[in-house]
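Each residue of the sequence shown is one higher than the last, beginning at -4 in our numbering.
The C-beta atom is built at its ideal place from N, Cα and C for all residues, glycine as well.
Note that the structure is a prediction, hence the values are computed from the model and not measured.
Okay, so here's the structure we're looking at.
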Amino acid sequence: NDNLTVDLSFLVHGTYKKYNSSGVLSSDKTTVFIIGDILHDGCIDDFKACTSMKIRINDDNCGIEIYEFKMSGSTSALNFVNNQ
């Protein structure tokens, strides 16, 4: 399936804050592009404050894949990208 549901969970002060978005699978089926406005006020604040982030990709045909990332330096990285 080329259109996917993507769930983002940010661990902020010991509590997971959850957000949902849509995703599109690349033509070579190796990359998921998250589409939609995931950087709205609440989400961006949680992104900057979180210590860990989980991304769950939900595909009706292939099942569920979960990825977890440590988020040290996330604010600096986001600021760098936004200033480019």
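Practice prompt. Might you give, ordered along the chain, the residues of its own chain that have their beta carbon closer than 8 Å to the beta carbon of L(-1), omitting 5 neighbours on each side?
Written response: Non-local beta-carbon contacts of L(-1) in its own chain, meaning distances under 8 Å to residues more than five positions away in sequence, involve S17, G18, V19, L20, V27, I52, N53 and D54 in chain order.
Discussion item. Tell me the residue span of the beta strand (DSSP E) that contains T10.
Written reply: T10 -> beta strand (DSSP E) spans T10 to L20.
Discussion item. Can you tell me whether F5 is buried or exposed? The criterion is at least 16 other CB atoms within 10 Å of its CB, across all chains shown.
Written reply: By the neighbour-count rule (16 or more Cβ atoms within 10 Å), F5 is buried.
Worksheet entry | Distance between F42 and S69 (C-alpha atoms, nearest Å) | Answer to the nearest angstrom: the Cα atoms are 7 Å apart.
Discussion item. For A44 and V7, I'd like the C-alpha separation in whole angstroms.
Written reply: If you draw a straight line from the Cα of A44 to the Cα of V7, it is about 6 Å long.
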